[in-house]
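The opening residue of the sequence shown carries number 11 in my numbering; numbering runs sequentially from there.
Just so it is clear, CB atoms sit at the ideal spot from N, CA and C, and this is done for glycine as well.
Nothing here was measured: the structure is a model prediction, and the numbers come from that model.
Before any comments, here is the structure.
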Amino acid sequence: MAVTAVVGLQWGDEAKGKIVDILADQHEIVVRYLGGNNAGHTVMFDGQTYKLSLLPSGILRPDATSVIANGVVINPKALLSEIERIKAQGAKLGKLLISDKAHVIFPYHMAEEAILEARRGDKAIGTTMRGIGTCYRDKAGRNHAIRMGDLLRPELFRERLEEIVTDKNIILKAFDPSSQTFSAQEIYDEYMGYVEQLKDSVIDTTSYLHHELKGGSSMLFEGAQGSLLDIDHGTFPYVTSSNSSGCGIQAGSGVPSRKIDRMIGIVKAYTSRVGGGPCPTELEDETGEHIRQEGHEFGTVTGRPRRCGWFDAVATGHGARVSGVDCIAVMLLDVLSKLDELKICEAYEINGERTTDFPSQLDDLALAKPIYRTLPGWKTDITGVRKLEDFPKEAREYIDTVSELLEAEVGFVSIGPDREQTVIL
Ligand code: IMP
């Protein structure tokens with residue numbers, strides 16, 4: 011019985027949901043360990059398209075148990091409406107467990123984020139405005155934090171909320187005198203309503219996962235966002251507020267990384283990114299627009315057009331190293347099928363020096379000039395390919411180059427949205 015992890019190696023939106031869905035029925039437990047309802051993934055299942063944000067993909071498998079672990083930040087209102095939406099589509103849901111250590115997002119988190127992002131002007135991070143960063147900040151700061159377990163203790167919850175809301179109103183008014191005044195009583199009443207519906211799912215998921223590991227259960231850790239959005243190892247400050255590389259699994263679930271048998275890194279065959287920050291291989295021309303249209307590169311959560319460009323092996327290689335991948339899945343290869351010529355960035359030139367190290371400082375990254383390897387296009391439809399040997403030789407060369415530059419074997423190649431449009435090696 012295996013423990014598998016699926017992690018994005020770029021700036022998110024690598025189509026992790028599809029590989030998670032393929033693997034979900036081989037695992038008894040699916041664990042989400044970071045982020046919140048900033049993530050968005052699309053799963054096609056039994057002829058239906060499901061848009062998931064906070065729920066692990068395993069939720070669509072009635073036999074699997076889905077776990078929202080301690081590293082996730084939870085907006086209970088968003089969680090409940092997601093559950094309702096999926097149920098209304100006719101899905102039979104599996105069992106859901108929620109960590110009592112997961113931190114809770116409140117309305118003042120969204121209000122603070124809106125003010126802080128507006129104050130950054132043209133340097134705005136470009137967040138999803140879901141209160142993710144402000145909730146993680148309160149988790150690290152401790153004074154203003156409330157966890158799922160606290161919601162099950164009404165007296166303690168009320169007391170903490172009153173103290174916190176008093177402080178939040180002072181902070182918000184100091185930044186913006188016209189800011190809304192929050193009422194602890196109203197939030198308390200609203201959240202007690204959510205607790206009523208979620209309380210049976212809230213447990214100590216760390217102990218649960220360890221009991222299951224001991225009993226030999228198979229587990230799938232489902233990443234969200236991507237390694238380059240990792241708060242420690244990504245393009246800070248243009249990152250999300252959690253460890254969205256493979257580094258987050260241990261802290262976000264309590265399961266040590268040495269228990270993971272197979273770490274699968276997911277890469278898109280090109281680059282896309284939403285939000286601000288440097289992106290060395292971005293194409294602000296018609297090729298970039300072509301990739302955006304062919305790849306339907308518009309955000310699942312916010313609908314924003316994504317910035318698109320050539321595959322960046324320096325950035326993605328960094329993601330692969332910090333996440334410690336055993337193999338990679340190359341996604342959306344079919345999006346490149348109409349291009350005459352393709353480029354892959356194999357190194358950067360920064361101040362006249364060639365490097366394959368991903369810069370740790372944003373100003374260095376902003377100076378990086380991509381050094382490209384040019385490859386011929388295959389100019390043919392590959393969406394029907396089911397075996398590696400059936401790819402045109404130019405597509406094989408492209409896949410091999412990605413693998414060589416990332417120093418990782420290819421485990422999957424995806425050439426369309428359907429489950430069957432996947433070459434498994
Ligand atoms: P936040 O996670 O809402 O704080 O946003 C921080 C940065 O992460 C922004 O650039 C977002 O666009 C980006 N981000 C957050 N979640 C995702 C995701 O699921 N896919 C891609 N980018 C994301």
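How far does the alpha helix (DSSP H) with residue 248 in it reach, from first residue to last?
Along the sequence shown, one-based indexing puts residue 248 at 238. Counting along the chain, residue 248 falls outside any alpha helix (DSSP H), and DSSP gives it neither H nor E.
Compute the beta-carbon to beta-carbon distance between residue 355 and residue 321, rounded to the nearest angstrom, for a pair I have assumed lies under 8 angstroms.
Translated into the one-based positions of the sequence shown, residue 355 becomes position 345. Translated into the one-based positions of the sequence shown, residue 321 becomes position 311. Going by Cβ atoms, the distance from residue 355 to residue 321 rounds to 7 angstroms, so yes, they are a contact pair.
Nearest to residue 387 by alpha carbon, out of 360, 379 and 406?
Numbered from its first residue, the sequence shown carries residue 387 at position 377. Of 360, 379 and 406, the residue nearest in Cα terms is 406.
Identify which residue in 276, 319, 90 and 217 has its Cα closest to the Cα of residue 206.
Position 196 of the sequence shown, counting from 1, holds the residue named residue 206. Of the listed residues, the one whose Cα sits closest to residue 206 is 90.
Around the Cβ of residue 434, are there at least 16 other Cβ atoms within 10 angstroms (buried) or fewer (exposed)?
The residue labelled residue 434 in the question sits at position 424 within the sequence shown. Residue 434 should be labelled exposed.
Are the segment 42-53 and the segment 79-97 touching, with three or more C-beta to C-beta distances below 8 angstroms?
As far as the Cβ criterion goes, the segment 42-53 touches the segment 79-97, which means the pair count is three or higher.
If we cut at 7 angstroms on Cβ distances, does residue 275 have a partner in chain C?
Although the question refers to chain C, the structure presented lacks it and comprises just one protein chain.
So residue 129 is in the alpha helix (DSSP H); what residue range does that whole segment cover?
Against the sequence shown, residue 129 aligns to sequence position 119. Unbroken alpha helix (DSSP H) run through residue 129: 117-129.
Within the present structure, is the beta-carbon of residue 23 separated from the nearest heavy atom of the ligand IMP by less than 6 angstroms?
The residue given as residue 23 occupies position 13 in the sequence shown. Answer for residue 23: yes, Cβ within range of the ligand IMP.
Helix, strand or coil for residue 145, going by three-state DSSP, please let me know.
The residue labelled residue 145 in the question sits at position 135 within the sequence shown. The answer is helix: DSSP assigns residue 145 an H, G or I state.
Ignore the nearest five residues each way along the sequence and tell me which others in residue 287's own chain have a CB closer than 6 angstroms to its CB.
Working through the sequence shown from its first residue, we reach residue 287 at position 277. So the qualifying residues of the chain are 245 and 248.
Mind reading off the beta-carbon distance from residue 127 to residue 341? Whole number of angstroms is fine, and I expect it under 8 angstroms.
For the purposes of this step, residue 127 is taken as the residue at position 117 of the sequence shown. For the purposes of this step, residue 341 is taken as the residue at position 331 of the sequence shown. Wrong, their Cβ atoms sit about 30 angstroms apart, outside the cutoff.
Can residue 40 and residue 18 be called in contact, C-beta distance under 7 angstroms?
For this step, residue 40 is matched to residue 30 along the sequence shown. For this step, residue 18 is matched to residue 8 along the sequence shown. Cβ atoms of residue 40 and residue 18: not closer than 7 angstroms.
Who are residue 185's beta bridge partners in DSSP?
Translated into the one-based positions of the sequence shown, residue 185 becomes position 175. Residue 185 pairs with nothing; no bridge assigned.
Taking the CB atoms as reference points, tell me whether residue 419 and residue 337 lie closer together than 7 angstroms.
The residue you call residue 419 lines up with position 409 of the sequence shown. The residue you call residue 337 lines up with position 327 of the sequence shown. The answer is yes: Cβ separation under 7 angstroms.
Taking residue 139 as part of the alpha helix (DSSP H), name the residues at either end of that continuous run.
Taking the first residue of the sequence shown as 1, we reach residue 139 at position 129. No alpha helix (DSSP H) contains residue 139, which DSSP labels as neither H nor E.
I'd like to know whether the C-beta atoms of residue 213 and residue 107 end up nearer to each other than 7 angstroms.
Here residue 213 is taken as the residue at index 203 of the sequence shown, counted from 1. Here residue 107 is taken as the residue at index 97 of the sequence shown, counted from 1. In contact: residue 213 and residue 107 (Cβ atoms closer than 7 angstroms).
Using C-beta distances below 6 angstroms, list every residue in its chain close to residue 404, excluding the 5 sequence neighbours before and after it, in chain order.
Along the sequence shown, one-based indexing puts residue 404 at 394. So the list reads 386 and 388, once near-sequence residues are dropped.
Is it buried or exposed, residue 193, if we count other Cβ atoms within 10 angstroms and call 16 or more buried?
Here the question's residue 193 lines up with position 183 in the sequence shown. Residue 193 is exposed by the Cβ-count criterion.
Tell me the DSSP bridge mates of residue 229?
For the purposes of this step, residue 229 is identified with residue 219 of the sequence shown, where counting begins at 1. Answer is 13 and 39.
Is it the case that the Cβ atoms of residue 392 and residue 344 are separated by a distance below 7 angstroms?
Position 382 of the sequence shown holds residue 392. Position 334 of the sequence shown holds residue 344. Yes, the pair counts as a contact, with Cβ atoms nearer than the cut-off.
For residue 85 and residue 362, I'd like the C-alpha separation in whole angstroms.
Looking up residue 85 in the sequence shown gives position 75. Looking up residue 362 in the sequence shown gives position 352. About 47 angstroms.
Using the Cβ count rule (16 or more neighbours within 10 Å means buried), how would you classify residue 380?
Translated into the one-based positions of the sequence shown, residue 380 becomes position 370. It is buried - the Cβ of residue 380 has at least 16 other Cβ atoms within 10 Å.
In chain order, what residues of the same chain have a beta carbon less than 6 angstroms from the beta carbon of residue 111, not counting five sequence neighbours either side?
On the sequence shown, position 101 is the one that residue 111 refers to. Only 80 and 157 meet the Cβ criterion.
Once the 5 residues before and after residue 309 are set aside, which same chain residues still bring their CB inside 6 angstroms of it?
Here residue 309 corresponds to residue number 299 of the sequence shown, with the count starting at 1. Counting only Cβ-Cβ distances below 6 angstroms, and skipping sequence neighbours, we find 284.
Can you tell me the Cβ-Cβ gap for residue 142 and residue 175, rounded? I've got them flagged as a contact below 8 angstroms.
Along the sequence shown, one-based indexing puts residue 142 at 132. Along the sequence shown, one-based indexing puts residue 175 at 165. Actually they do not touch by this definition, with Cβ atoms about 20 angstroms apart.
Contact defined as beta carbons within less than 8 angstroms: I believe residue 104 pairs with residue 150. What is the distance between those atoms, to the nearest angstrom?
In the sequence shown, residue 104 corresponds to position 94, counting from 1. In the sequence shown, residue 150 corresponds to position 140, counting from 1. Their Cβ separation, rounded to whole angstroms, is 32 angstroms, which puts residue 104 and residue 150 out of contact at 8 angstroms.
Can you give me the Cβ contacts of residue 186 inside the same chain, cut-off strictly under 8 angstroms, excluding the 5 residues immediately before and after it?
Start at 1 with the first residue of the sequence shown, and residue 186 comes out as number 176. Closer than 8 angstroms at the Cβ level, and outside the excluded window around residue 186, lie 125.
Taking the C-alpha atoms as reference points, what is the distance between residue 170 and residue 21?
Here residue 170 corresponds to residue number 160 of the sequence shown, with the count starting at 1. Here residue 21 corresponds to residue number 11 of the sequence shown, with the count starting at 1. Each residue's alpha carbon lies about 36 angstroms from the other.
In whole angstroms, give me the CA-to-CA distance for residue 190 and residue 177.
As a working mapping, residue 190 is identified with position 180 in the sequence shown. As a working mapping, residue 177 is identified with position 167 in the sequence shown. Each residue's alpha carbon lies about 13 angstroms from the other.
Does the ligand IMP have a heavy atom nearer than 6 angstroms to the CB of residue 342?
In the sequence shown, counting from the first residue as 1, residue 342 sits at position 332. Not under cutoff, so the answer is no.
What whole-angstrom Cβ distance do residue 316 and residue 282 have, given they're in contact under 8 angstroms?
In the sequence shown, residue 316 corresponds to position 306, counting from 1. In the sequence shown, residue 282 corresponds to position 272, counting from 1. That belief holds up - the Cβ atoms of residue 316 and residue 282 are roughly 4 angstroms apart, short of 8 angstroms.
Apart from the five residues on each side of it in sequence, which residues of its chain come closer than 8 angstroms, Cβ to Cβ, to residue 311?
Counting from one through the sequence shown, the residue named residue 311 turns up at place 301. Answer for residue 311: 47, 48, 49, 50, 63, 138 and 140, listed in chain order.
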